[in-house]
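Let me begin by presenting the structure, written as structure tokens, before commenting on it.
See below:
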């Protein structure tokens, strides 16, 4: 189930990799923990607000997510907690089942965390990390752009000091348009200042606690204004009372309604966690994505146990751990301990934190995930994939977010399937003066051998492209200027065959043999393809004498036969 057949062995591997090879530098881990905690406190509160739950819940799920990853994860730097990418996805669905902030809404969020945790743990245990590669970069970029628009629009009311009872994008924009004359310039100034300070600090040095400093400054400003601050919405008295472990009180019917959104959120969690794990893997190790998924999944389960909401791996906080010199998963654990201490002793300090400050932080997050540079690069290099990006972003913006995410997933998979189905058999020619055979093209003038057709297929051969392979291989033979006596399939790129692909290849071999044309295979390098040749009977059909290590060897054999 976990690669060597047991959960226990996987857990032992997780603990054996806890301390880095060589000397463990606890001081560096403590420094990294302080840097992460300084960013996490205001960021997690802001994300909790985005998720439709009390800000204090953001701190709680950070502790739960970090501890769960500490127990089962692999990556030494990965930070887990509330995430602005997934919060709008599930918040938009949960609000249709219960009003934001109500006990029922909180129970639904906790149940969703449980479901996501179970799904992600199972995905890691059954080594399904490959699923995270189903979304292409253009689709992910469009997905994040759409999420960024939702975040920005949802925070405009708090930024402008305008009351808003709408949870949908169009309703919020319409409300703002009607009441824009009543905006509060003080809240606007606070939000913009928090955004600017956070943005500037990260540009200067990612380790600077700009978000924390800006939030403290905003709270101090409200405190100094005193009575003049009337009309500025603040967090007020924040309490952690009632945060006790237990199963969410949710009816079976509600849990069943949560399952589709749990699958979507789980998919996004897997994609982001896998990408972050691979981006910040240790130089001496390879990314163990499946173990990291199990760690993030356990973090979700613990979050649900304490009445929290789904958590995710965070690229920015992970980068802070790495940039601050963290050497082990203890950095994440220490950060969780610091935040937990704040939960117990420091919540009274949040009373004068203005909601506009959290809105400024979320606007900063929105601009960070709106990847303009990537969009420009895609636009310059592939108009078709730019269209894919724009379609995904539009779907996220104009439809319910979970529907838009599903559309993006479908578009990405269809794009991948379409790309594979466009693979065609190509004719190879010999590079003059050498034994190298190369795909024919307008920019390459090669040599052919009379009566011999060399073709290649530069993709796995399976049900999606078996018929185009049959047609284009036959076309290449029919286009030959002289009668063909032998066909050589250059198979270096055929890394896999399924039943349909093997049957198509076998039928081609039989057909051309019946026409008096010998069929050879050269450079069948993939072990999996070799096993498929034997399993599906193609090796027996060809005969071992018709399998060659290179096209040149096959041609030489033909010329001497």
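Numbering (my numbering), first residue to last: 2 to 562. No residue lacks a Cβ here, since even glycine has one placed at the ideal position from N, Cα and C.
Item, Value
"Bridge partners of residue 462, per DSSP?", "498"
"Got a sec? Which residues, its chain only, sit under 8 Å from residue 302 by beta carbon, not counting five neighbours each side?", "69, 114, 115, 118, 119, 122"
"For residue 210, which residues from the same chain have a beta carbon less than 8 Å from its beta carbon, with the 5 sequence-adjacent residues on both sides left out?", "36, 39, 40, 202"
"Please identify the residue among 235, 212, 59 whose C-alpha is closest to the C-alpha of residue 188.", "235"
"Tell me the DSSP bridge mates of residue 440?", "429"
"Report the three-state DSSP secondary structure of residue 490 (helix, strand or coil).", "strand"
"Runs of 4 residues minimum, wholly inside the region 311-395: which ones carry the alpha helix (DSSP H) assignment?", "316-324, 331-346, 356-370, 373-382"
"Going by CA-CA distance only, name the one from 507, 42, 98 that's closest to residue 257.", "98"
"Is it true that the region 146-159 meets the region 341-352, where meeting means three or more beta-carbon pairs spaced less than 8 Å apart?", "no"
"Assuming residue 76 and residue 278 are in contact, meaning their beta carbons sit under 8 Å apart, how far apart are those beta carbons, in whole angstroms?", "5 Å"
"With the cut-off set at 8 Å, would you say residue 268 and residue 58 are in Cβ contact?", "no"
"Sort out for me which residues DSSP pairs residue 454 with in a bridge.", "488"
"Are residue 448 and residue 430 close, meaning C-beta to C-beta below 8 Å?", "yes"
"Look at the Cβ atom of residue 312, then the Cβ atom of residue 54, and state whether they are nearer than 8 Å.", "no"
"Verify whether the separation of the beta carbon atoms of residue 524 and residue 491 is less than 8 Å.", "yes"
"In the DSSP output, what is residue 523 paired with across the bridge?", "491, 549"
"Can you name, in chain order, every residue of its own chain whose Cβ lies under 6 Å from the Cβ of residue 159, other than the five neighbours on each side?", "356, 357, 360"
"Alpha carbon to alpha carbon, how far is residue 517 from residue 486?", "7 Å"
"With residue 138 as the anchor, note down where its alpha helix (DSSP H) starts and where it stops.", "138-161"
"So which of 493, 500, 441, 508 has the shortest CA-CA distance to residue 477?", "441"
"If you count every other CB in all the chains shown that lies within 10 Å of the CB of residue 296, and 16 or more means buried, which is it?", "buried"
"Restricting to Cα atoms, I'd like to know which of 319, 264, 299 is closest to residue 281.", "319"
"Just to confirm my understanding: we take residue 30, look at its own chain, exclude 5 residues before and 5 after, and list those with CB closer than 7 Å. What are they?", "327, 328, 329, 331, 332, 335"
"Out of curiosity, what's the CA-to-CA distance linking residue 56 and residue 386?", "38 Å"
"Check the DSSP bridge columns for residue 235 and list the partner residues they point to.", "355"
"Can you name the start and end residues of the beta strand (DSSP E) that residue 78 belongs to?", "Segment: none, residue 78 is in no beta strand (DSSP E) and carries neither H nor E."
"Between which two residues does the alpha helix (DSSP H) carrying residue 91 extend?", "88-95"
"Residue 86: which of 138, 481, 371 sits nearest, CA to CA?", "371"
"How many whole angstroms separate the CB atoms of residue 505 and residue 470, which I take to be in contact at a CB cut-off of 8 Å?", "6 Å"
"Can you tell me whether residue 131 is buried or exposed? The criterion is at least 16 other CB atoms within 10 Å of its CB, across all chains shown.", "exposed"
"Are the beta-carbon atoms of residue 143 and residue 394 separated by less than 8 Å?", "yes"
"Alpha carbons only, please: which of 377, 352, 493, 375 is nearest the one belonging to residue 219?", "352"
"Helix or strand or just coil, what does DSSP make of residue 285?", "At residue 285 the pLDDT is 45, less than 50, meaning the model places this residue with poor confidence; the figure from the coordinates comes in the next sentence. Here residue 285 sits in coil by DSSP."
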